[in-house]
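Peer 1:
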Amino acid sequence: MKVITKTEDNVVKIILPNSTAVTITEDEITFTDAYGENAYTDLNSTNTTLYENITVPSGKAIQQHTFDGTSWADNPNYTAPLE
Numbered sequence: 200m201k202v203i204t205k206t207e208d209n210v211v212k213i214i215l216p217n218s219t220a221v222t223i224t225e226d227e228i229t230f231t232d233a234y235g236e237n238a239y240t241d242l243n244s245t246n247t248t249l250y251e252n253i254t255v256p257s258g259k260a261i262q263q264h265t266f267d268g269t270s271w272a273d274n275p276n277y278t279a280p281l282e
């Protein structure tokens, strides 16, 4: 899998299959998946890190976890949405 994290705190922002082509520029991150074209203008080459060929353990999710290239952990700043 491809894992994209915020560089400052390692919070997982995007998890994608290895086969998904990702473009990271100074302005945005873009990719196309089953839902169509995606553009994240708040994420870019200056504030994210892309890891490739990562085995994502079961239950790991965006926002809820951090990844530093080696280790996964719970995000201590995560707040679950209200129901």
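Mapping of the sequence shown onto my numbering: position 53 corresponds to residue 252, and the numbering continues sequentially without gaps. Note that CB positions come from ideal geometry on N, CA and C, so glycine has one too. As the structure is a computational prediction, the values presented were derived from the model and not from experiment.
1) Using only the alpha-carbon positions, how far apart do HIS264 and LEU281 sit?
2) Who are the Cβ neighbours of THR231 in its own chain at under 8 Å, not counting the five residues just before and after it?
3) Taking the alpha carbon of ILE223 as the point to measure from, which residue in THR204, TYR234, ASP208 and VAL210 has its own alpha carbon closest?
4) In this structure, how does DSSP classify ILE223 when only helix, strand and coil are distinguished?
5) How far does the beta strand (DSSP E) with ALA272 in it extend, from its first residue to its last?
6) Distance check for THR254 and ASN217, CA to CA, integer angstroms please.
7) Taking just the CA atoms, how far does TRP271 sit from TYR250?
8) Would you kindly work out how many angstroms separate the C-alpha atoms of LEU242 and ILE228, rounded to a whole number?
Peer 2: According to the data block:
1) 18 Å
2) Spatial neighbours of THR231 in its own chain (CB-CB distance under 8 Å, excluding positions within 5 residues in sequence) are listed in chain order as THR219, ALA220 and ASN237.
3) Closest option to ILE223, Cα to Cα, is THR204.
4) Looking at ILE223 - three-state DSSP - the assignment turns out to be strand.
5) 271-273
6) 10 Å
7) 13 Å
8) 6 Å
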